[in-house]
Amino acid sequence: MIIEDLPGNHVLLLGIGGSGMSSLAHILLDLGYQVFGYDKKESETTLFLKERGVRIEKDISGFDPDSIDFIVFSSAINDATNGIFKNVKELGKPLFHRSKILHKVFGRLKSISVAGSHGKTSTTAMVSQILETSKKDPSIMIGGDTDLLGKKGGKAGHGEWGVYESDESDGTFLNHTATVRIVTNVDNDHLDYYGDEKTLQDAFLNYLAPHTKGDAIVQAHDLGILKVLKLLSKSNRIDPNFQLWLLGNQDLFFNSEHKDLFRDLSEKFGDKLFFINYQIANEQLLFDFNENSFHLKLPFSGSHYLRNSLCAIFATLQAGIFPGESTEILSSYVGVKRRQETLGIKNSITVMDDYGHHPTEIRTVIESLKQSYQNKGKLVVLFQPHRFTRTEILQKELAEALSHSENLFLLPIYSAGEKEINGISTATIANHFVSKNHKLLSGNMDEDLKEIGKVLKPGDCFLCLGAGNVRLWGESFLKI
7 MIIEDLPGNH VLLLGIGGSG MSSLAHILLD LGYQVFGYDK KESETTLFLK
57 ERGVRIEKDI SGFDPDSIDF IVFSSAINDA TNGIFKNVKE LGKPLFHRSK
107 ILHKVFGRLK SISVAGSHGK TSTTAMVSQI LETSKKDPSI MIGGDTDLLG
157 KKGGKAGHGE WGVYESDESD GTFLNHTATV RIVTNVDNDH LDYYGDEKTL
207 QDAFLNYLAP HTKGDAIVQA HDLGILKVLK LLSKSNRIDP NFQLWLLGNQ
257 DLFFNSEHKD LFRDLSEKFG DKLFFINYQI ANEQLLFDFN ENSFHLKLPF
307 SGSHYLRNSL CAIFATLQAG IFPGESTEIL SSYVGVKRRQ ETLGIKNSIT
357 VMDDYGHHPT EIRTVIESLK QSYQNKGKLV VLFQPHRFTR TEILQKELAE
407 ALSHSENLFL LPIYSAGEKE INGISTATIA NHFVSKNHKL LSGNMDEDLK
457 EIGKVLKPGD CFLCLGAGNV RLWGESFLKI
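Take the sequence shown: its letters are residues 7 to 486, numbered as in this note's numbering.
Here you go:
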């Protein structure tokens, strides 16, 4: 099916190996587009796309302009950050930001969008698994690979529902207006784009779009979301059919310092406001709905996964899937690549990989795995900082989060294409440790693994943590 308002069905995707762009490539292939790709690096992702018939080149000059109708780019490849953009413009083809194409794909469907500083990918995968297992045949866009889709991050289904991850990092999540909008949390990330916390909160308020019809589902315990809810309570742009679902507990809603806010929201929304009371105990989610009680235990440890699952459960309720069915489906949640992913076991040492790179994510995954391994062995963390700007802005917070680890090794910063910032390095984080068992590594994999190997013992968990290529150290360890 060819989407209206696009100039043809031959498309070139820039940076096609990236998680978001590769997911879009799979969707467009399913819709019948002829897809071409540009990427400097070969990976499992690009090889899989080639198997599906995508021609991928490492140089733009390798494409015949006459064979391309339009070009799609992301914020990672633009005028300011990548010289390739000049060569692309010389092709003289219409240019579209990835978010515009995403909106055109999902704008024709009833859809669920997932936003938040953390947990977007996992929550989107949970919604996807519920819809897919319930035979809704949804269209899906996940910012990561999952076994649910055979290692793909996207597909075009034939059903009336779709679900997609909505990225706030560059403000493009405001291009989407979904039927159901989830916010998992709001944290002080991507301030290099927004400038300050207030502007970030305003963006999330606009994402919730109270002036349009639809449902919004938010984790009300989150401090960042509480600030957005305060803005919402004062907003005069609320559609009469807008419904708000608040996930929390009785103490938060009626006995906490925020009870006045919830009272104001209740007065403002009336019967369009729904309070969902839940608890987490013994690694289980417990909640009531329509005079029935439900419980859920996931295959992955961590209360953050359980909170994300509750968002997914009430989002898919809008698609006619009731909690009894969705909790049963999620009890076998398959997970997403690079989210507490087990790479293998060697000499009774479990090697894991996780994408966490913001202080909140880092602290959460470390605490979750420490609890899981407390009676087995120690947690040994190899962390790779992501981007010079993030390291500069969040250096103290990164140090505090990493201080929760038992044994810590630190790699050089993964630049993600950024220019170096004078005086900013991994040592910038380490300088904030008062007393912490840590070691700065060189980035030479063989040397680094020798140092790490000195502390690893049977029963330990070796966690590779970060948004760059830190996973390679874990994979290499398993091959030694």
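Note that the Cβ used here is the ideal one computed from N, Cα and C, for glycine as well.
Among the residues of its own chain, which have a CB less than 7 Å from the CB of residue i, if the five just before and after it don't count?
i    : result
G160 : S29, L30, H32, I33, I146, M147 and I148
Y361 : R344, R345 and A473
R243 : P216 and H217
S272 : L279
M27  : L19, G21, S80 and R104
K157 : F54 and D151
D36  : K161 and A162
S315 : M132, L291, L302, L304 and L336
I355 : L462, P464, D466 and F468
K56  : I62
H410 : R369, I372 and E373
Can you round the beta-carbon distance between residue i and residue j to whole angstroms, since I take them to be within the 8 Å contact cut?
i    : j    : result
S239 : K274 : 6 Å
V120 : I188 : 5 Å
L414 : N437 : With a Cβ gap of about 14 Å, L414 and N437 do not count as contacting.
I404 : I372 : The sequence as given places Leu at residue 404; Ile does not occur at that position. Contact flag wrong, Cβ pair sits at about 12 Å.
Please classify residue i as buried or exposed, where buried requires at least 16 neighbouring CB atoms within 10 angstroms.
i    : result
F514 : For residue 514 there is no data in the structure shown, the boundaries of the chain being 7 and 486.
H164 : exposed
E367 : buried
S123 : buried
K463 : exposed
K456 : exposed
G429 : exposed
E96  : exposed
R477 : buried
S25  : buried
D85  : Only weak support is given to the placement of D85: the predicted model assigns it a pLDDT of 49, under 50, and the value that follows is read from those uncertain coordinates. Exposed is the call here.
G23  : buried
E174 : buried
G14  : exposed
T127 : buried
A318 : buried
Just to confirm the assignment, what range does the alpha helix (DSSP H) spanning residue i have?
i    : result
A318 : S309 to L323
G480 : R477 to K485
N298 : Where N298 is concerned, there is no enclosing alpha helix (DSSP H), although the beta strand (DSSP E) it sits in stretches over N298 to L302.
L35  : S25 to D36
K116 : Segment K116 to A121 is the beta strand (DSSP E) holding K116; no alpha helix (DSSP H) there.
T43  : Note that residue 43 is Gly in the sequence shown, not Thr. From DSSP, G43 is part of no alpha helix (DSSP H) but of the beta strand (DSSP E) over Q40 to Y44.
Could you check which residue in the options has the C-alpha nearest to that of residue i?
i    : options                   : result
F394 : G150, S421 and E406       : S421
F69  : T51, S49, Y44 and E57     : Y44
H363 : R58, G125 and L53         : G125
F306 : N288, G98 and L101        : N288
L469 : G480, D195, G230 and E171 : G480
S262 : S448, L229, D294 and N247 : L229
V357 : S49, K402 and L471        : L471
R58  : L416, E50 and Y200        : E50
N255 : V224, L108, K384 and D153 : V224
Identify the continuous beta strand (DSSP E) that holds residue i and give its terminal residues.
i    : result
D221 : G220 to Q225
V386 : L385 to F389
R345 : It is not in any beta strand (DSSP E) - R345 carries neither H nor E in the DSSP assignment.
K240 : Counting along the chain, K240 falls outside any beta strand (DSSP E), and DSSP gives it neither H nor E.
Ignore the nearest five residues each way along the sequence and tell me which others in residue i's own chain have a CB closer than 8 Å to its CB.
i    : result
L232 : A226, H264 and L267
T370 : H124, G308, H310 and G362
Excluding the five sequence neighbours on either side, which residues of its own chain have a C-beta within less than 6 Å of the C-beta of residue i, listed in chain order?
i    : result
D221 : V186, Q249 and Q324
V60  : V41 and G43
I9   : K110
A407 : P365, I368 and R369
Any beta-carbon of chain D closer than 9 Å to the one on residue i?
i    : result
H301 : Chain labels in this structure do not include chain D; a single protein chain is all it has.
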